[in-house]
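Worksheet: the structure to be examined is printed underneath.
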Amino acid sequence: MSALVETEQDKVVETFNPTRSGPVVLLCEHASHHIPAQFQDLGLAKASRHSHAAWDPGAIGVALNLSDLFDAPLVAGRVSRLVYDCNRPPEAASAMPDRSEAIDIPGNRNLTPEDRLAREQSIYRPFLAAVGTVLDRRQQAGTDTALVTVHSFAPVFHGRPRDVDIGIVHDADARLADAVLERAASLPHRKIGRNDPYGPEDGVTHSLKLHGMARSLPNVMIEIRNDLIGTPAEQHRIAAELHSILAPALTEVGVQAGGPPHA
């Protein structure tokens, strides 16, 4: 399969507010269910292409709201995770899965090493480069930074209801997650859990390790039940609630708002 020929429609990554100096850099790896035309819908029906298997519904709306609230950069993927999951390393089978939950993905069967490399180079590497550009700029400017990734999860998985509203996910560096969870009681109407419904054993902390821990940045992954963020109003509300616990948590771990004025 040939490398992706990028048009504006098929742009693989988008950076919002790249020069803003708020205290976080936000990532939304699974922001889109778009499958570029050359992949022929991966052989999937429309319902599957628009399902949670293909993207994180509502996550980009929350991330954009957080970008505004924190006056901070946001890097978002613009290709379905079924083509390439930018929160997975190239060697992981789940980077280009041939099955996701109950959905078989014909277009990912029997991929050759060349097929996989083409997707890595045309989707994953540009995403990494975009994140690196933002983080390098802030490091050079001396801007305090934490990494926050925004995801959503389905309320039911393999027929079993999830018993959490918001998951605070971390790997070995739990500084920011601990500080956020200490403030969870301020949102008594939300059930907030640690490493739930996913944790590092599920392979979901790739971005945290690669972009956060490798640079010694406080980092956390936010998972939101997607039936809570189905509308713009709900996305705004959840973002405001998350901001209310993230902002003081950032101060606690030594990340201060501010820095050189943005353009």
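Quick note on the UniProt record's numbering: the sequence shown kicks off at 1 and runs consecutively. Where a beta carbon is used, it is the ideal one built from N, C-alpha and C, also for glycine. Note that the coordinates shown come from a computational prediction; the quantities given were computed from them, not determined experimentally.
For Leu74, the three-state DSSP class (helix, strand or coil) | strand
Buried/exposed call for Ser207, threshold 16 Cβ in 10 Å | buried
So which of Pro200, Pro155, Gly159 and Val13 has the shortest CA-CA distance to Asp165?
-> Pro155
Alpha-carbon spacing of Val83 relative to Val13, whole angstroms = 13 Å
Who does Ala63 pair with in a DSSP beta bridge?
-> The partner list for Ala63 (beta bridge, DSSP) is empty, contrary to what the question assumes.
Kindly give me the distance between the Cβ atoms of Gly77 and His30, rounded to whole angstroms, as I take these residues to be in contact under 8 Å.
-> 6 Å
Exposed unless 16 or more other CB atoms sit within 10 angstroms - verdict on Ala249 | buried
What whole-angstrom Cβ distance do Ala240 and Leu69 have, given they're in contact under 8 Å?
-> 7 Å
Buried or exposed: which applies to Leu4, given that a residue is buried once 16 or more other Cβ atoms fall within 10 Å of its Cβ?
-> With a pLDDT of 44 at Leu4, under the threshold of 50, the modelled position of that residue is not reliable, and no figure is offered here.
Report the residue from Ala53, Ala72 and His52 whose alpha carbon sits nearest the alpha carbon of Val131.
-> Ala72
Hey, Cys28 and Ile60: beta-carbon distance below 8 Å or not?
-> yes
Find out if the Cβ-Cβ distance for the pair Val24, Val148 is shorter than 8 Å.
-> yes
C-beta contact flag for Gly199 and Val150 at 8 Å = no
What are the uninterrupted segments assigned as beta strand (DSSP E) that are 3 or more residues long and contained completely in the stretch 163-199, given in chain order?
-> 166-169 and 192-194
Out of Ala102, Asp136 and Arg162, point me to the one whose CA is closest to Ser152's CA.
-> Arg162
Three-state secondary structure (DSSP) at Thr145?
-> coil
Just to confirm, are Glu120 and Pro97 a CB contact at a threshold of 8 Å?
-> no
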